[in-house]
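Enquirer: Chains as they are written, first to last, in the working numbering: chain A, 1 to 81; chain B, 82 to 609; chain C, 610 to 1159. Quick one: the structure is below, questions incoming.
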Amino acid sequence: MERRKVIMKEQLLKKLEEEFPDIDFTTSDALVEEEILDSITLVSLVAALSMEFEINIPYEEITAENFNSIDAMLELIISLK
Amino acid sequence: MGYIAFNSLKYIIFLVICILLYYSVSIKIRWIILLIASIIFYVFAGIKKLPFILLTSFIIWYASKRISGIYTQADAEIIRQELKGKEKVEFFRPYKRQCRNYFLFPALVLVVGMLIYCKFAGTLIEMFQAITGNGELTWQIIVPLGISYYTFSSVGYLLDVYWRKQKPINSYLKFALCVFYFPQIVQGPIVRYNRLIVQFEKENYFDFKNVCFGMQLMIYGYFKKMVIADRLGLFTAEVFGNIPQYQGLVFLIALIFSTFQIYMDFSGCMDIVRGTSQIFGIELDKNFDHPFFSKSIAEFWRRWHCTLGAWFKDYVYLPVATSAQVIRATKKVKEKRGAIVAKTFSTAVPLASVWFLTSIWHGTGWNYMIWGFYYGIIILSSAILEEEYKKIADFFKIDRTTQGYQKFQVVRTFALFTIGRLIVAPGNLNATMEVIRGMFSSFNLWIFWDGTLYQMGLDFKDYMVIFLGLWIVRKVSQLQEKNSVREMIAEKNILIRWIIYYVAIFTVILLGMYGNGYEASAFMYAQF
Amino acid sequence: MKKNMQYILKVLMFLGGFTAIFFLIQRIVLPKWYYPDKTARFMSRILTGYYEEEKESLEILTFGSSHMQYGFSPMELYEKCGVTSYNLATSSQSLPVTYYILQEALKTQKPKLIILDVASLYYLDFGEETIWRYVLESMPLSRNKIEFSYEFSKQRSENSFVSALFPLLRYHDRWKELNKQDYTDFFRNRNFYSKGYSITTRYISGIITVETMNNIQKEMEQIEESLLYEYHNGIYTEKIEKSTLYDITVLDENVKWLLKILELCRKEDIELLLTKIPVVYYPNKYRSAWTQNKYFEIKELCNKYDINYYDILYDSDAELNWDVDSMDGGAHMNLFGAIEVTEYLCDYLIEHYELKSEYNSDWEKDLEIYKTVKDVALLELETDFITYMNKLMNEYQDKTIFIASQEDMARYLGDDGREVLKKLGIKTDFSDAYGSSFLAVIENGTVIYEGLANRTISYSGETLNSNRNYYLESCALYASLTLSIIIGNKEYAMNKRGINIVVYDDKRDIVLDSVCFNTWSENRDVYRNYIVVNEYLLEFESYLIEKEAR
């Protein structure tokens, strides 16, 4: 279980690096509130994650707390996987 | 009984009575005073309009109650069965579907249906009559006060509850207060009921500073609306009301004036609204964030009518952009046409939805459709072509970080917005075409000194008032970017403070455009 | 608690400051309806002057429309029989306005008699906004004013009540046209020496006789059908309807207010006398023409309610000289008319009422001013050449007199004319001066220049006290066309054929009269621009009020 999580985290980081080279996701755990992620980036992020992990992120899950940090995103992906 | 306009004496009297009552009753029931006042305010606009808003508020409140009831039930079951992750999502799905099919959709259909009926039935019937050439409108369509605003707010609220982003409001009366709350009912801002209810429920002690600040904001609003906007309105009404009589630069001036006019008018009203609300200790969302300092159109629309933009973002743009269908389609496009096209597609679809709805929000004519299209294209192209712009700038060795370039960006945004005004300000597309034709028919620079500009309802003194007024608003905006102007005034000593207040109040009283207008000629020759 | 008190104190102080500034600005922005403002000269003098009167010092108050305003002179009455009165008539004063002015007036005075001109009984409505505002704005805030404002607002838009009480809201736009006068208004002399009466020297001879007026009215009465024949777009139509042409009667609404006034008078133990200042004009053109049928109707009305009525046109044996008594062809009196009307009224009052005649030192001072103005007014109304010149010689020795002739002034100057010129000190012999140009300047009774020529002649100089440059030019029959009498860059000459005269008050720097007697023709007709000349009078009057009156 833990190992799967680590693999997924690596996969996630790689994807983020590839799609959003300008943004450093690791510095903050309030990415949305600090407006590091604006709405347009958030949309691309959702699209990227959906395609990468083949999940369907329902709109109610697109909240600040679910996208504020890498770990939160990871939790979200796992819960939807 | 007529509707109580913000810039009427009736409103001031109404407000004073409300304030006195509000702060003289016990703190627990102050919200009831607001509810009663709001209903009275609404009834003033016409008792026939009341059923619509009552119905909407009740439907939304009822649906939200039921939805949250079902969710509570489901949550209890999930906890009991200790479901997690995917299982939890799977378990939840039928409950959600139930909510959607039995409560969310019917409620939305009813409420939005009412909005469409009230706003568009007239136009549709007219169109129908124009096609068939007969039939007469046998009943009068009532347009309830503020229907667009409260419908949008209510829909947003219900969606929030459905998406489990917000808790529902239990008491109908409190919910009704959110819907009816009189400062925001006429012109917005589009409020989020969940944010509003917290403020109604908190203990609103009498706060001298709050009341003073509220009044100051109102006076500033009146200044913008009555001294500047309504004065500019004389000019624009004259020009756009008599298009064939004018040509050339007059139209350009009228367009620029109309840009300032709409800003001063709308943001002035918002200041009055927010000021009023602040007196009661209720903070409403900002609707304007100095839009004319924006460097791009996208930024402009984030700073202009903010609550509408935020509403569209939360309830149209993001849901559409992140919906499974759009993501799936984007994926397909990406596989077939490559990443750039896919990006365009994924941005264009939600943007189109937003700007389609934005057009409808502002007006029903074709000119508004084109206007929406215009902004959609600008925003889309600047999002997609960002890289290209950079390259072009590099090619011409333009340094995009200099102050000069940023000033240019501000002016460019203003110009683009003014062109947008060209599409809608003349009233309809034919008029717009006429204005364009007229504008290029002559380069009549001489209007600046041959007195033409003094024949459109404004004399030299009026122009001075306008320019001075705009200058003051600009200065205040610049200060506001840094910190609160009202706080700055509050720090001054009492003499300076009072002088500022008195000057502000009497500026509005003397220079405001209201009443019949005094004409000496009307009083002449009446001596027998 | 202490903090709350502080807040309350602060708020009260702020509101106090607000109120003070509000009323200050309101005072500045209010239109000043008094001369020399040319729009509605007397309006705010009437009531403000009334407030200046000593308490309980007036015996009679008069009310009514402009007929009364221009038709009755309290100062004439005082001079004649020592009775103090005040003329509270205002433009188109409708009966509700009368009522509220009366209520206001009774706050400070206990008159024995109220005289009301009945023209307003025939009004169709209670008048335009201005008619009310003239009065409203000269009243200080009081319960009466609030009632008055409410009555005013009943006939108008919803905000007019507030704007009647706080006229700043009505006139705030006036900031654009504020001038010195608006600021100096605080210091103006509020005392109104002529007690509400508006002195005027305009005259236009009466157009029709009383008989013609009544005949026209009878003819109108006989037309009982409305006929209309139309040919329009190829279709011919005839419309014949029953409809009387002359349907002017007293409206119930007006009677209602008359009774309110009557009731008020009876309550306060004041006699009410209705009267009518004569108005002789075409009844088809002017609703207020005083035809005999109206007289009978009012008589009946007065009998019904037991009110005294004295009609100056039909009840008295008044023989007004309509050639000179009217300022506009019969509708309103000028000074001559007012003197006569006041005289007839005076006789009637002495006969029917016991009025106290008392010496009042303030009034004596006002009478002085009144006489001074009246003298100038009488000069301006003078139409006979010889009398005019004699007046100049006897009463205007301290003034500067400019004389210039156009084309000819000698042909019908006559022996009496030559005589009177000689008495003025002019040495020129006019016996053989046909077609000559002539100039003369007489300062303080001495001729300082005179010149006769057979072509254009000019003279310039400077006045003694006011140091104004003046320039005179006269034209002969065969040379040039126009003449000039320019004082301080302004042309004052009538510029007509004959002898042109400008009378200038050097000490006050005001032109008193500009006239031309056509001594070229046998009638020696007089020419004046009565509107302009009346302005001279008002300027003179205004000077006296501000500089010399008490």
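Cβ coordinates follow ideal geometry from the N, Cα and C atoms, glycine included. Since we're looking at a predicted model, the values are computed, not measured.
Run through the DSSP bridge pairs and tell me what Asn696 of chain C is partnered with.
Expert: C:Thr671.
Enquirer: Is the Cβ-Cβ distance between Gly680 of chain C and Ala947 of chain C less than 7 Å?
Expert: Against a cut-off of 7 Å, the Cβ pair of Ala947 of chain C and Gly680 of chain C comes out as a contact.
Enquirer: For Phe332 of chain B, which residues of its own chain have a beta-carbon under 6 Å away from its beta-carbon, when the five flanking residues on both sides are left out?
Expert: So the qualifying residues of the chain are Val516, Gly519, Met520.
Enquirer: Residues of chain B with CB closer than 7 Å to the CB of Ile50 of chain A, please, in chain order.
Expert: The amino acid at residue 50 of chain A is misidentified as Ile; the sequence shows Ser. The answer, in chain order, is Ile408.
Enquirer: Based on DSSP bridge pairs, tell me the residues matched to Thr1055 of chain C.
Expert: Answer is C:Glu1052, bridged to Thr1055 of chain C.
Enquirer: Name the chain B residues that come within less than 9 Å of Trp784 of chain C, Cβ to Cβ?
Expert: What Trp784 of chain C touches in chain B: Lys542, Leu591, Leu592.
Enquirer: Run the CB neighbour count on Cys180 of chain B, radius 10 Å, all protein chains shown included, and call it buried at 16 or more, exposed below.
Expert: Per the 10 Å Cβ criterion, buried.
Enquirer: Check whether the Cβ atoms of Ser761 of chain C and Trp784 of chain C sit closer than 7 Å, and answer yes or no.
Expert: Inspection of the sequence shows that residue 761 of chain C is occupied by Phe rather than by Ser. No. Outside cutoff.
Enquirer: Taking contact to mean 3 or more Cβ pairs, one atom from each stretch, closer than 8 Å, check whether the stretch 187 to 196 of chain B and the stretch 227 to 237 of chain B are in contact.
Expert: The stretch 187 to 196 of chain B is in contact with the stretch 227 to 237 of chain B.
Enquirer: Please list, in chain order, all residues of the same chain as Asp241 of chain B whose beta carbon is under 7 Å from its beta carbon, the five residues on each side excluded.
Expert: Counting only Cβ-Cβ distances below 7 Å, and skipping sequence neighbours, we find Gln247, Asn275.
Enquirer: Whose Cβ in chain A lies nearer than 7 Å to the Cβ of Pro225 of chain B?
Expert: By Cβ distance, chain A contributes nothing, its closest Cβ being about 30 Å from Pro225 of chain B, past 7 Å.
Enquirer: So what's Ala420 of chain B in DSSP terms, helix, strand or just coil?
Expert: Ala420 of chain B falls in the helix class under three-state DSSP.
Enquirer: For Pro645 of chain C, which residues from the same chain have a beta carbon less than 7 Å from its beta carbon, with the 5 sequence-adjacent residues on both sides left out?
Expert: Confidence at Pro645 of chain C is low in this model, with a pLDDT of 45, below 50, so its placement is unreliable and the value that follows should be read with caution. If we look at Pro645 of chain C and ignore the five residues flanking it on each side, its Cβ neighbours are Leu1147, Glu1148, Ser1151.
Enquirer: In terms of residue numbering, what span does the beta strand (DSSP E) encompassing Gly1070 of chain C cover?
Expert: First-last of the beta strand (DSSP E) with Gly1070 of chain C: 1066 to 1071.
Enquirer: With a cut-off of 7 Å, does the C-beta of Phe289 of chain B fall near any C-beta of chain C?
Expert: Phe289 of chain B counts as touching chain C.
Enquirer: Residues of chain B with CB under 8 Å from Ser772 of chain C, in chain order?
Expert: Ordered by position in chain B, the residues that pass the 8 Å Cβ test against Ser772 of chain C are Gly596.
Enquirer: For the beta strand (DSSP E) containing Ala1085 of chain C, list its first residue and its last residue.
Expert: Taken as a continuous stretch (DSSP letters only), the beta strand (DSSP E) holding Ala1085 of chain C covers 1078 to 1085.
Enquirer: Have a look at Ile907 of chain C and Ile857 of chain C and give me their C-alpha separation to the nearest angstrom.
Expert: Computed Cα separation, rounded: 12 Å.
Enquirer: Can you tell me the Cβ-Cβ gap for Met829 of chain C and Leu854 of chain C, rounded? I've got them flagged as a contact below 8 Å.
Expert: Right, their Cβ atoms sit about 5 Å apart.
Enquirer: Could you confirm whether any beta carbon from chain B is found closer than 7 Å to the beta carbon of Val6 of chain A?
Expert: So, not an interface residue.
Enquirer: For Ser769 of chain C, I'd like the list of residues in its chain whose CB is within less than 7 Å of its CB, leaving aside the five on either flank, ordered along the chain.
Expert: Here the set comprises Phe761, Ser762.
Enquirer: Indicate whether at least one CB of chain B lies closer than 7 Å to the CB of Arg779 of chain C.
Expert: True, the Cβ-Cβ gap to chain B drops below 7 Å.
Enquirer: For Leu196 of chain B, return the contacting residues in chain C, with the cut-off set at a CB-CB distance below 8 Å.
Expert: Under the 8 Å cutoff, chain C gives no residues; its nearest Cβ is about 32 Å from Leu196 of chain B.
Enquirer: Please list, in chain order, all residues of the same chain as Tyr231 of chain B whose beta carbon is under 7 Å from its beta carbon, the five residues on each side excluded.
Expert: Closer than 7 Å at the Cβ level, and outside the excluded window around Tyr231 of chain B, lie Ile134, Thr137, Val260, Ile266.
Enquirer: If you follow the alpha helix (DSSP H) that His961 of chain C is part of, which residue opens it and which one closes it?
Expert: That run of the alpha helix (DSSP H) goes 944 to 961.
Enquirer: Examine the Cβ distances between the stretch 342 to 357 of chain B and the stretch 307 to 316 of chain B and report whether three or more of them are shorter than 8 Å.
Expert: Because the criterion of three Cβ pairs below 8 Å is met, the stretch 342 to 357 of chain B and the stretch 307 to 316 of chain B touch.
Enquirer: Name the DSSP beta bridge partners of Lys848 of chain C, please?
Expert: Answer by DSSP bridge pairing, in chain order: C:Leu837.
Enquirer: On a CA-only basis, which of B:Ser427, B:Ile421, B:Ala433 is nearest Leu466 of chain B? Give me that one, please.
Expert: Among B:Ser427, B:Ile421, B:Ala433, the Cα nearest to that of Leu466 of chain B belongs to B:Ile421.
Enquirer: Tell me the DSSP secondary structure of Tyr1136 of chain C in three-state form.
Expert: Residue state, collapsed to three classes: strand.
Enquirer: If I measure Cβ to Cβ from Thr1055 of chain C and keep anything under 8 Å in the same chain, skipping five residues before and after, which residues do I get?
Expert: Excluding residues within five positions, the ones whose Cβ falls inside 8 Å are Gly1034.
Enquirer: Find the nearest neighbour of Ala335 of chain B within the set B:Ile120, B:Ala379, B:Thr513, B:Phe381, judged by alpha-carbon distance.
Expert: The candidate whose alpha carbon is nearest that of Ala335 of chain B is B:Thr513.
Enquirer: Taking all protein chains shown into account, do 16 or more other C-beta atoms lie within 10 angstroms of the C-beta of Tyr759 of chain C, making it buried, or fewer, making it exposed?
Expert: Label assigned to Tyr759 of chain C: exposed.
Enquirer: What residue range is occupied by the uninterrupted beta strand (DSSP E) comprising Ile613 of chain B?
Expert: Nothing can be reported for residue 613 of chain B: it is not among the residues displayed for chain B, which extend from 82 to 609.
Enquirer: Using three-state DSSP, classify Glu319 of chain B as helix, strand or coil.
Expert: Reduced to three states, the DSSP call for Glu319 of chain B is helix.
Enquirer: Looking only at DSSP bridge pairs, what is Phe1011 of chain C linked to?
Expert: C:Val1050, C:Val1111, per the DSSP bridge assignment.
Enquirer: Indicate whether at least one CB of chain B lies closer than 7 Å to the CB of Ser39 of chain A.
Expert: Ser39 of chain A counts as touching chain B.
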